[in-house]
Amino acid sequence: MPIVTSKEMFEKAYKGGYAIGAFNVNNMEIIQGITEAAIEQRAPLILQVSKGARSYAKHVYLMKLIEAAVEDAEQSAGFALPICVHLDHGDSFEICKSCIDGGFTSVMIDASSKSFEDNIALTKQVVQYAHDHGVVVEAELGTLAGVEDEVNVSAEDSSYTRAEDVQEFVERTGCDSLAIAIGTSHGAYKFKPGTDPKLRFDILEDVSRRLPGFPIVLHGSSSVPQEFVQKINANGGNMPGAIGIPEEQLRKAAEMAVCKINIDSDLRLAMTACIREYFNAHPDHFDPRQYLKPARVAIKDMVAHKLINVLGCNGKA
Ligand code: G3H
Ligand code: 13P
Ligand code: ZN
23 MPIVTSKEMF
33 EKAYKGGYAI
43 GAFNVNNMEI
53 IQGITEAAIE
63 QRAPLILQVS
73 KGARSYAKHV
83 YLMKLIEAAV
93 EDAEQSAGFA
103 LPICVHLDHG
113 DSFEICKSCI
123 DGGFTSVMID
133 ASSKSFEDNI
143 ALTKQVVQYA
153 HDHGVVVEAE
163 LGTLAGVEDE
173 VNVSAEDSSY
183 TRAEDVQEFV
193 ERTGCDSLAI
203 AIGTSHGAYK
213 FKPGTDPKLR
223 FDILEDVSRR
233 LPGFPIVLHG
243 SSSVPQEFVQ
253 KINANGGNMP
263 GAIGIPEEQL
273 RKAAEMAVCK
283 INIDSDLRLA
293 MTACIREYFN
303 AHPDHFDPRQ
313 YLKPARVAIK
323 DMVAHKLINV
333 LGCNGKA
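In this text, residue positions in the sequence shown follow this note's numbering: the first is 23, and each later residue adds one.
Next up, the structure:
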């Protein structure tokens with residue numbers, strides 16, 4: 023199977039009451055760990071690449087590595103794993119065009135920090151170019167708090183999606199999926215210690231009532247498992263007060279209209295905890311293969327856990 027768009031994945035996910043995992047990729051070990059888990063679990067997959075990932079690894083390296091993963095899946099597992107390659111948080115027409123021209127099957131245009139009319143205008147421009155090239159578009163309404171690339175949105179500047187805006191936005195832009203803000207945020211510090219993390223399911227319900235059958239996306243959906251934070255801190259790290267979204271709330275969202283759930287920070291935590299522990303146990307080791315091998319397994323295990331326990335998309339490919 024070639025690299026696919028998310029269209030069919032979302033249709034099946036919506037009807038089936040599960041969500042597709044969208045995991046951020048930056049290098050070979052991350053791509054291998056994620057795809058190995060998806061193959062083993064027979065889960066459809068979205069590999070997403072941020073602007074930062076493109077400048078770290080270069081578009082062509084990531085694209086070739088993903089193509090290698092698709093080929094390897096067919097050869098070693100004997101079946102075609104559907105993989106969608108997505109631009110995460112594209113902030114201009116130019117970056118979206120570059121990713122479309124460079125083989126991605128899905129792009130996000132994130133104009134959520136602009137005015138409603140400017141968000142519509144830019145999203146529409148990207149949709150036109152993308153659809154002419156067989157590529158799908160994710161847009162965003164409402165702003166999440168947290169850090170992505172060099173952009174840092176404070177909790178005070180974040181805002182929930184206004185459900186009354188979504189129908190007009192989708193109709194006027196022609197976007198294929200919509201990311202909404204219901205209380206998730208980027209990074210490992212999503213809530214103040216001592217607060218009770220609660221997503222706004224009332225907004226999600228209202229949005230899905232106004233957009234029946236339309237795929238909704240949740241960003242900032244890492245759960246920041248405390249065992250990994252503790253492992254990092256026990257091995258020379260310093261991440262006090264790191265807190266994420268409770269997994270059962272994400273599972274509930276996946277059963278509703280949410281068809282794509284973005285997870286990056288939890289993979290970073292898994293990899294970092296593993297490498298920190300490795301170096302503590304083996305201070306004399308210096309061959310990167312020695313510590314990247316278990317780190318790749320840590321990514322695989324984290325992704326398998328998400329596919330089964332959070333997204334419910336295992337066995338759907
Ligand atoms: O939403 C942000 C993702 O976690 C990607 O992070 O922009 O640092 O690559 P990045
Ligand atoms: P996390 O930081 O919660 O993993 O969110 C990732 C994300 O939304 C990527 O777009
Ligand atoms: Zn995001």
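Think of the CB as a built atom: it goes at the ideal place given N, C-alpha and C, for glycine as much as any other residue. Remember, it's a predicted structure, so these values are computed and weren't measured experimentally.
{"Item": "Ligand 2 heavy atom lying under 7 Å from the CB of residue 257", "Value": "no"}
{"Item": "Residue 82 versus residue 44 - alpha carbon distance", "Value": "20 Å"}
{"Item": "Span of the beta strand (DSSP E) around residue 136", "Value": "Segment: none, residue 136 is in no beta strand (DSSP E) and carries neither H nor E."}
{"Item": "Length of the line joining the Cα atoms of residue 92 and residue 50", "Value": "13 Å"}
{"Item": "Nearest neighbour of residue 184, chosen from 202, 198, 193, 197 [CA to CA]", "Value": "202"}
{"Item": "In DSSP terms, what residue 15 is bridged to", "Value": "Because the chain here runs from 23 to 339, residue 15 falls outside it and cannot be looked at."}
{"Item": "Cβ pair count under 8 Å reaching 3, the stretch 90-104 against the stretch 128-148", "Value": "no"}
{"Item": "According to DSSP, residues forming a beta bridge with residue 240", "Value": "283"}
{"Item": "Contacting residues, own chain, Cβ-Cβ under 7 Å from residue 249 (five flanking each side not counted)", "Value": "none"}
{"Item": "3-residue-minimum beta strand (DSSP E) runs that sit fully inside the stretch 174-221, ordered along the chain", "Value": "199-202"}
{"Item": "Supposed contact pair residue 280 and residue 240 - C-beta distance, whole angstroms, cut 8 Å", "Value": "5 Å"}
{"Item": "Anticipated Cβ contact below 8 Å, residue 242 with residue 166, distance rounded", "Value": "5 Å"}
{"Item": "Which listed residue (161, 214, 316) has its alpha carbon closest to that of residue 55", "Value": "316"}
{"Item": "Element boundaries [alpha helix (DSSP H), containing residue 269]", "Value": "269-277"}
{"Item": "Outcome for residue 139 when other beta-carbon atoms lying within 10 angstroms are tallied against a minimum of 16", "Value": "exposed"}
{"Item": "Cα-Cα separation between residue 328 and residue 134, rounded to whole angstroms", "Value": "27 Å"}
{"Item": "Of the residues 218, 225, 70, the one placed nearest residue 121, counting alpha carbons only", "Value": "70"}
{"Item": "Residue 75: CB within 7 Å of a non-hydrogen atom of ligand 4", "Value": "Absence of ligand 4 from the depicted structure is noted, with ligand 1, ligand 2 and ligand 3 being the only ligands included."}
{"Item": "Sub-8 Å separation of residue 118 and residue 158 beta-carbons", "Value": "no"}
{"Item": "Through-space distance from residue 29 to residue 108, alpha-carbon basis", "Value": "12 Å"}
{"Item": "Candidates 75, 268, 163, of which the one nearest residue 145 by Cα", "Value": "163"}
{"Item": "Sequence-distant residues of the same chain with beta carbon closer than 6 Å to residue 296, five excluded per side", "Value": "316, 317, 320"}
{"Item": "Span separating the alpha-carbon of residue 260 from that of residue 305", "Value": "19 Å"}
{"Item": "Residue 40 to residue 308 span [Cα, whole Å]", "Value": "42 Å"}
{"Item": "Outcome for residue 97 when other beta-carbon atoms lying within 10 angstroms are tallied against a minimum of 16", "Value": "exposed"}
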